[in-house]
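Q: To start, I am sharing the structure in question, which I have written as structure tokens.
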Amino acid sequence: MATKNLSEYNLASVPSASDMKFGIVVAEWNYEVTGALAQGAVDTLIKHGAKDENIILKHVPGSFELTLGAQYLAEFTKVDAIIILGCVIQGETRHFDFICEGVTQGITNLNIKYNKPFIFGLLTTDNQQQALDRAGGRLGNKGDEAAVTAIKMLALKDDLTA
Numbered sequence: 019m020a021t022k023n024l025s026e027y028n029l030a031s032v033p034s035a036s037d038m039k040f041g042i043v044v045a046e047w048n049y050e051v052t053g054a055l056a057q058g059a060v061d062t063l064i065k066h067g068a069k070d071e072n073i074i075l076k077h078v079p080g081s082f083e084l085t086l087g088a089q090y091l092a093e094f095t096k097v098d099a100i101i102i103l104g105c106v107i108q109g110e111t112r113h114f115d116f117i118c119e120g121v122t123q124g125i126t127n128l129n130i131k132y133n134k135p136f137i138f139g140l141l142t143t144d145n146q147q148q149a150l151d152r153a154g155g156r157l158g159n160k161g162d163e164a165a166v167t168a169i170k171m172l173a174l175k176d177d178l179t180a
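The numbering of the sequence shown is this note's numbering, which starts it at 19 and goes up by one.
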């Protein structure tokens with residue numbers, strides 16, 4: 019269980035995102051949670067200098083479709099990093115395991131295939147309250163954390179290729 023607020027970080031440690039372009043793909047399933055994650059990500063990108071026109075936000079039906087949605091963003095847009103946001107809540111069947119494993123492996127493969135940051139922002143919780151706690155609730159917003167991670171990964175790439 020998370021013990022810290024996901025939205026707490028050192029502002030000075032985050033580079034400017036003013037010249038960066040971001041794609042965000044969000045699952046519609048559990049939208050009370052995923053919509054809050056998306057808003058957190060967008061707000062954080064803008065707070066760090068990203069321009070509205072450099073943020074492309076797209077939706078897919080569920081978490082399993084996040085990987086292909088992210089691949090479409092990589093192939094059909096000129097984004098520098100892609101933030102992937104979804105929420106899978108444990109149920110009574112093994113469906114949870116299959117979805118989580120598939121999305122995790124898919125995102126890992128996209129990072130390698132495209133050599134650009136695909137940021138894992140998939141909540142995998144035991145219940146709805148845990149998800150809400152991580153989507154703007156008492157533990158902050160995983161969308162904020164995903165946005166900061168995207169900015170930092172692009173800054174790392176820029177630093178290494180400069």
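C-beta atoms are modelled at their ideal positions from N, C-alpha and C, and glycine is treated no differently.
Using the beta-carbon count (16 or more within 10 Å), is Q123 buried or exposed?
A: The residue labelled residue 123 in the question sits at position 105 within the sequence shown. Under this definition Q123 is an exposed residue.
Q: Please go through the stretch 150 to 174 and give each complete beta strand (DSSP E) segment of 3 or more residues, from N-terminal end onward.
A: Runs of the beta strand (DSSP E) inside the stretch 150 to 174: 153 to 155.
Q: Go ahead and pull the three-state DSSP assignment for G67.
A: Here residue 67 is taken as the residue at index 49 of the sequence shown, counted from 1. In this structure, G67 counts as coil in the three-state DSSP scheme.
Q: Based on the DSSP secondary-structure assignment, which residues constitute the bridge partners of C105?
A: Position 87 of the sequence shown holds residue 105. BP columns for C105 point to L141.
Q: Mapping the DSSP letters down to three states, classify K96 as helix, strand or coil.
A: Position 78 of the sequence shown, counted from the start, is the residue given in the question as residue 96. Three-state result, K96: coil.
Q: Where DSSP assigns a beta bridge to L75, which residues make up the other side?
A: Working through the sequence shown from its first residue, we reach residue 75 at position 57. DSSP output for L75 lists I42 as bridge partner(s).
Q: Is the distance from the Cβ of I125 to the Cβ of S81 below 8 Å?
A: Numbered from 1 along the sequence shown, position 107 holds the residue referred to as residue 125. Numbered from 1 along the sequence shown, position 63 holds the residue referred to as residue 81. No, the Cβ-Cβ distance between I125 and S81 is not below 8 Å.
Q: How many Å lie between L84 and I74 at the Cα?
A: For the purposes of this step, residue 84 is identified with residue 66 of the sequence shown, where counting begins at 1. For the purposes of this step, residue 74 is identified with residue 56 of the sequence shown, where counting begins at 1. For L84 and I74, the distance between alpha carbons rounds to 15 Å.
Q: For T143, collect the residues of the same chain with a Cβ closer than 8 Å to its Cβ; drop the 5 residues on either side in sequence, then sort them by chain order.
A: Reading the sequence shown from its first residue, position 125 is the one you call residue 143. Excluding sequence neighbours, T143 sits near C105, V106, I107, Q108, A149, R152.
Q: Got a sec? Which residues, its chain only, sit under 8 Å from I64 by beta carbon, not counting five neighbours each side?
A: Taking the first residue of the sequence shown as 1, we reach residue 64 at position 46. These residues qualify, in order along the chain: D70, I73.
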